[in-house]
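A quick write-up on the structure given underneath.
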Amino acid sequence: MCSQVISQQRNLKQHLLTHTKEKPACEICNKAFSLQGSLRRHLLSHTKEKPHACKMCNKLFSKQETLKQHLLTHTKEKPHGCEICNKAFSRLGTLKQHLLTHIKEKPFSCEICNKSFPKRGTLNGHLRVHTREKPHACEICNEAFTQKGALRLHLLTHMGEKPYACEI
Numbered sequence: 001m002c003s004q005v006i007s008q009q010r011n012l013k014q015h016l017l018t019h020t021k022e023k024p025a026c027e028i029c030n031k032a033f034s035l036q037g038s039l040r041r042h043l044l045s046h047t048k049e050k051p052h053a054c055k056m057c058n059k060l061f062s063k064q065e066t067l068k069q070h071l072l073t074h075t076k077e078k079p080h081g082c083e084i085c086n087k088a089f090s091r092l093g094t095l096k097q098h099l100l101t102h103i104k105e106k107p108f109s110c111e112i113c114n115k116s117f118p119k120r121g122t123l124n125g126h127l128r129v130h131t132r133e134k135p136h137a138c139e140i141c142n143e144a145f146t147q148k149g150a151l152r153l154h155l156l157t158h159m160g161e162k163p164y165a166c167e168i
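Quick note, the sequence shown lines up with residues 1 to 168 if you use UniProt numbering.
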């Protein structure tokens, strides 16, 4: 027996769905959700609607949580630290990806040069070295790059930013 106590009737109706097989489903992809609010948020992934704007750079997001994570890029706050090397990250997902660099296992191998990688995505990025594909283009000068991070660094040259200082 569930001991959950709910203050509002509409919230009780939502809670009851967690105990039944009735789950609201997306009419586009049929994915089912326990909560109506979760379905509403999911629908934004199909409509491409982005109602949440960053007040600092005007970038738009479909989810409030994604905007919240994005705001950390402006504050330079990095609350997620690696316990192995002490490197810090603004996003938990980025820390999780980083942790793979400490794992010796690299199950994804390049069929061209046999170099191995811990993640399939890293292998896919590496393959551009061989294909010469450069999908990340600068909107200012049209210079193209194989990696999104390289484009980000390049954009600093247009903004006059020089974030790295020689300390010698």
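Using N, Cα and C, we set each Cβ at its ideal position, and we do this for glycine too. All of these numbers come straight from a predicted model, not from anything done at the bench.
Please list, in chain order, all residues of the same chain as residue i whose beta carbon is under 6 Å from its beta carbon, the five residues on each side excluded.
| i | result |
| --- | --- |
| residue 78 | 88, 89, 90 |
| residue 40 | none |
Name the residue from the options whose alpha carbon lies nearest to the alpha carbon of residue i.
| i | options | result |
| --- | --- | --- |
| residue 50 | 43, 56, 60 | 60 |
| residue 137 | 53, 124, 152 | 152 |
| residue 19 | 28, 8, 3, 26 | 3 |
| residue 110 | 95, 130, 52 | 130 |
| residue 11 | 34, 47, 52 | 34 |
| residue 107 | 94, 123, 26, 46 | 123 |
| residue 28 | 94, 15, 42 | 42 |
I believe residue i touches residue j by the beta-carbon criterion, under 8 Å. Please report the beta-carbon distance rounded to the nearest angstrom.
| i | j | result |
| --- | --- | --- |
| residue 67 | residue 54 | 6 Å |
| residue 102 | residue 84 | 5 Å |
| residue 63 | residue 52 | 7 Å |
Which same chain residues, not among the five before or five after residue i, have their C-beta less than 8 Å away from its C-beta?
| i | result |
| --- | --- |
| residue 100 | 118, 119 |
| residue 147 | 125, 128, 136 |
If I measure Cβ to Cβ from residue i and keep anything under 7 Å in the same chain, skipping five residues before and after, which residues do I get?
| i | result |
| --- | --- |
| residue 112 | 130 |
| residue 31 | 25, 42 |
So if DSSP puts residue i in a beta bridge, which residue, or which two residues, is it bridged to?
| i | result |
| --- | --- |
| residue 33 | Partner(s): none; residue 33 has no beta bridge. |
| residue 60 | 53 |
| residue 109 | 116 |
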